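Enquirer: Going from the sequence shown to my numbering is simple: count from 1 and add 12.
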Amino acid sequence: MNPVRMQFVREKVLEITREEHGEEAVKGGNPLQGLDILDVGCGGGLLSESLARLGAHTVGIDASESNIAIASSHASADPRLSADSSRPSSKGSLVYRHISAEEILKEQKRFDVVCSMEVLEHVDNPAGFISSCAELLKPGGHLFLSTIARTPLSYVLTILVAEHILRKVTPGTHTHSKYINPSELISFFSKYRSPSDEEGMSWITRTYEHGLPMRTEAEVRGMVYIPWKGQWMLTPRGASGWGTTHCNYLFWVRKP
Ligand SMILES: C[S@@+](CC[C@H](N)C(=O)[O-])C[C@H]1O[C@@H](n2cnc3c(N)ncnc32)[C@H](O)[C@@H]1O
13 MNPVRMQFVR
23 EKVLEITREE
33 HGEEAVKGGN
43 PLQGLDILDV
53 GCGGGLLSES
63 LARLGAHTVG
73 IDASESNIAI
83 ASSHASADPR
93 LSADSSRPSS
103 KGSLVYRHIS
113 AEEILKEQKR
123 FDVVCSMEVL
133 EHVDNPAGFI
143 SSCAELLKPG
153 GHLFLSTIAR
163 TPLSYVLTIL
173 VAEHILRKVT
183 PGTHTHSKYI
193 NPSELISFFS
203 KYRSPSDEEG
213 MSWITRTYEH
223 GLPMRTEAEV
233 RGMVYIPWKG
243 QWMLTPRGAS
253 GWGTTHCNYL
263 FWVRKP
């Protein structure tokens, strides 16, 4: 799943940077280089490591101390993943911290990109959690979430098959009622205003007839596992039919 998540993050930041700042700004083809990126709920650090390798100044945080220990130990095996400030700033860096999204929000630092992958479906207060992630962004920053839609298909695939039949995931890991549909995230950000800017714009100002937002404000892309290839694939932009965004999906929204 990680290559697909990274593909979406890179492509979306590239697309928006190119549109706003022109071809020159994306000349090297690596739009993440030099950006400050926060990976919320980094777990074992798969995504954090990939972001740092692409030149981002990455901070991976997790509410679980043991996950931070695992992530730090894994990263220490790769000498390229150093937080050494004497290194040229074009090189990425990686720092892990045992802290929650809600706690790090009390600090001053804000980020160009905040990612939180496969976390939302586990939290008890999703609105509060999403707001914390959103407020950790600088103006114009990018928020990437990946999670699971609350559908019959997701019950079958992620609970019945993954937990109880194949036992790929510990039974009880997921709670179907906690899953969030793409339309609920779109609706949330259509009403959302930053607490620091309540007079300001909502993050999604317009949706089309079929409920999808403008691609410069937000985007939803399905992630589908292709068993005969042993790979995850990103569904095409705008695809919303059966089996596209009905289970695992990625969501991007931009802070005004
Ligand atoms: C299923 S894991 C996902 C790990 C990783 N993002 C990935 O996709 O491989 C969810 C992680 O989110 C962390 N988490 C849950 N709520 C959090 C919060 N409020 N702040 C930071 N981490 C949180 C958990 O400790 C757990 O490690």
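C-beta atoms are modelled at their ideal positions from N, C-alpha and C, and glycine is treated no differently.
Only a predicted model underlies this, so the values are computations on that prediction, with no experimental measurement involved.
Would you list the one or two residues that DSSP bridges to Glu-231?
Expert: Trp-264
Enquirer: For ligand 1, is there a heavy atom less than 7 Å away from the beta-carbon of Leu-59?
Expert: yes
Enquirer: Should Gly-55 be listed as close to ligand 1, given that the test is whether its C-beta is under 7 Å from any heavy atom?
Expert: yes
Enquirer: Out of curiosity, what's the CA-to-CA distance linking Ser-195 and Gly-40?
Expert: 35 Å
Enquirer: Taking the CB atoms as reference points, tell me whether Ala-161 and Asn-193 lie closer together than 8 Å.
Expert: Yes; because the gap between Cβ atoms is below 8 Å, this pair is in contact.
Enquirer: So for His-134, helix, strand or coil by DSSP?
Expert: helix
Enquirer: Can a CB atom of chain C be found closer than 8 Å to the CB of Gly-57?
Expert: Any reference to chain C falls outside this structure, which holds one protein chain only.
Enquirer: Given the structure, does Ala-87 come close to ligand 1, in the sense that its CB is under 7 Å from one of the ligand's heavy atoms?
Expert: No, the Cβ of Ala-87 stays beyond 7 Å of every heavy atom of ligand 1.
Enquirer: Assuming Lys-203 is part of the alpha helix (DSSP H), what are its boundary residues?
Expert: 194-203
Enquirer: Tell me which residues share the same chain as Glu-31 and place their Cβ nearer than 8 Å to its Cβ, disregarding the 5 neighbours each side in the sequence.
Expert: Same-chain partners within the cutoff: Thr-228.
Enquirer: Give me the Cβ distance between Met-245 and Val-232, rounded to the nearest whole Å; I'm assuming they're in contact under 8 Å.
Expert: For a cut-off of 8 Å, the C-beta gap from Met-245 to Val-232 is around 15 Å, too long to register as a contact.
Enquirer: Where do the ends of the alpha helix (DSSP H) carrying Ser-60 lie?
Expert: 58-65
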